[in-house]
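Each remark here refers to the structure printed beneath this line.
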Amino acid sequence: MTVNLLDFDAAGLEAFFAEQGEKAFRARQVLRWMHRFGQSDFDAMTDIAKSLREKLKRIATIVPPAIVSDRLSDDGTRKFLFDVGGGNAVETVFIPEDDRGTLCVSTQAGCALDCSFCSTGKQGFNRNLTVAEIIGQLWQANRALGADPAGERIISNVVLMGMGEPLANFENSVTALRLMLDDNAYGLSRRRVTVSTSGLVPVMDRLRDECPVALAVSLHAPNDALRDELVPINRKYPLRELMAACQRYLEKAPRDFVTFEYVMLDGVNDSDDHARQLLALTHDVPCKFNLIPFNPFPGSPYRRTPSPRIRRFAEILMNAGVVTTTRKTRGDDIDAACGQLAGQVRDKTRRASNRVIDIHEARSR
Ligand code: SAH
Ligand code: SF4
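If you use the working numbering, the sequence shown corresponds to residues 21 to 385, in order.
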């Protein structure tokens, strides 16, 4: 059986090489070839002895997930769809801006957490992505975007904000994060790599201890009654515990604030009073707010809050001194906006199988 070397971070690759009687620096050389230079052909790794290359060809492969579609939006946003086998596919979005290029990466095929406004959640859950499938999205996007290892970075920031809940696939997400941060691989700064979570409190503590990066928390409601409805994991980890976990996270985080994401749902969570409740709730947590205009998907029960109401909501937060941005909706002409990532998921939970079929039909038309 061959192993896929994209499944290893530096420590894992060194351990694999040690098992083969090979030195650690050889592992680091191969790591650089794979990730810094985007090489998947052992024969091209010219500073590795031919005998070792031949051996690696027998026991190992370098296989990222295959790109099944690659679409460019009018605003420059680019969406990749990856085949991850078994009838499942996940999406990755590249968002170019003046001062950075952000890649939004998926961590699961589907998601078990079933937030009421999320297309991925409505499809149900199939499985966790492997490390090779998570880091392979960055590997493939770099290649497709024509990244030059000697030139300026095209992908300067990564957010684990695509399909799935990264902290529900902790081990694989963290191994992929380590590769993003590793100077022999992608060499990104911890401040430019963000994990977005709906609030798995105990795992937030693990992330802080094992691999602290920038943190975004999907809040979406200022009180438990409403959040229980929108983000069902709140019933297990209510707001008081979530706020305490954010404070603990900041003790070791590379940034001194948490970003709270807040999807704007017309008439549901967007009143002046909701904004004031939010200020009270987050009073003791250094934070910024990122308001996300709701992006509809087939069968979704909500409407987007109108722009003047979003502005008013933002104003209340800002007047209290909290930095608040409103996310530009980008890529919606190719269904690449937040919460529209549907990919293709064979639901193992059978929760929303009818809906999944609807989405597939809508997409294939
Ligand atoms: N599971 C993680 C990361 C993936 S979701 C999390 O929930 O944080 C990424 C972001 O998109 C989250 O803030 C999520 O709440 C938001 N989102 C989901 N569905 C959306 C929709 N239909 N419109 C706008 N944002 C949405
Ligand atoms: Fe899962 Fe995040 Fe969607 Fe909730 S918002 S269902 S946690 S992907």
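For every residue, glycine included, the Cβ atom is placed at its ideal position computed from N, Cα and C.
Cβ distance (whole Å) where residue i is taken to contact residue j below 8 Å
| i | j | result |
| --- | --- | --- |
| residue 193 | residue 150 | In fact, because the Cβ distance is near 11 Å, the residues do not count as touching under 8 Å. |
| residue 262 | residue 221 | 6 Å |
| residue 351 | residue 95 | 7 Å |
| residue 29 | residue 199 | 5 Å |
| residue 162 | residue 189 | That belief does not hold up - the Cβ atoms of residue 162 and residue 189 are roughly 22 Å apart, past 8 Å. |
| residue 26 | residue 68 | 17 Å between Cβ atoms; not a contact. |
| residue 129 | residue 104 | 6 Å |
| residue 390 | residue 132 | Beyond the ends of the chain as shown, which are 21 and 385, falls residue 390; an answer cannot be given. |
7 Å Cβ cutoff, residue i in contact with chain C
| i | result |
| --- | --- |
| residue 255 | In the structure shown, chain C cannot be found, because there is only a single protein chain. |
Buried or exposed (CB count within 10 angstroms, at least 16 for buried), residue i
| i | result |
| --- | --- |
| residue 99 | buried |
| residue 217 | buried |
| residue 274 | exposed |
| residue 40 | exposed |
| residue 21 | exposed |
| residue 35 | exposed |
| residue 339 | exposed |
| residue 111 | buried |
| residue 215 | buried |
| residue 319 | exposed |
| residue 295 | buried |
| residue 381 | Note that residue 381 scores a pLDDT of 33, beneath 50, so its modelled location is shaky and nothing firm can be said. |
Contact set for residue i: own chain, Cβ-Cβ below 7 Å, skip 5 residues either direction
| i | result |
| --- | --- |
| residue 201 | 208, 210, 213 |
| residue 266 | 237, 278, 305 |
| residue 197 | 213, 231, 233 |
| residue 366 | 106, 107, 108, 146 |
| residue 247 | 240, 241, 254, 259 |
| residue 206 | 55, 158, 199, 200 |
| residue 341 | none |
| residue 70 | none |
| residue 92 | 98 |
| residue 176 | 120, 121, 212 |
| residue 353 | 93, 94 |
| residue 62 | 73, 76, 77 |
| residue 226 | 190 |
Residues near residue i in its chain [Cβ-Cβ closer than 6 Å; skip 5 each side]
| i | result |
| --- | --- |
| residue 325 | 284, 286, 290 |
| residue 251 | 135, 218, 240 |
| residue 308 | 277, 279, 343 |
| residue 195 | 29, 151 |
| residue 269 | 224, 228, 235 |
| residue 345 | 310 |
| residue 24 | 81, 83, 152 |
| residue 12 | Given a span of 21 to 385 for the chain in the structure shown, any question on residue 12 remains unanswerable. |
| residue 101 | 88, 89, 109, 111 |
| residue 322 | 137, 285, 314 |
| residue 64 | none |
| residue 60 | 82 |
| residue 33 | 47, 51 |
| residue 299 | 340 |
| residue 165 | 174 |
Chain-order list of residues whose beta-carbon lies under 8 Å from that of residue i (same chain, five-residue window excluded)
| i | result |
| --- | --- |
| residue 243 | 259, 297, 301 |
| residue 173 | 121, 167 |
| residue 204 | 30, 48, 51, 52, 55, 56 |
| residue 272 | 228, 229, 232 |
| residue 347 | 310, 311, 312, 313, 358 |
- Message: Within 8 Å, do at least three Cβ pairs link the region 134-145 to the region 78-87?
- Response: no
- Are at least three pairs of beta-carbons, each pair with one atom in the region 172-190 and one in the region 109-127, less than 8 Å apart? yes
- Is the region 272-282 in contact with the region 305-313, if contact means three or more CB pairs nearer than 8 Å? yes
- Message: I'd like to know if the region 56-67 and the region 151-169 are in contact, where contact means that at least 3 CB-CB pairs between them fall below 8 Å.
- Response: yes
- Query: Pairing CB atoms from the region 331-344 with CB atoms from the region 287-306, are three or more of them under 8 Å?
  - Reply: yes
- Item | Sufficient close CB pairs (3 or more, under 8 Å) joining the region 58-77 to the region 335-345 | no
- Query: How about the region 30-45 and the region 153-164: do they share at least three Cβ pairs that are nearer than 8 Å?
  - Reply: no
- List in chain order the residues whose CB is within less than 6 Å of at least one heavy atom of the ligand SF4. 131, 133, 134, 135, 138, 140, 141, 184, 185, 218, 238
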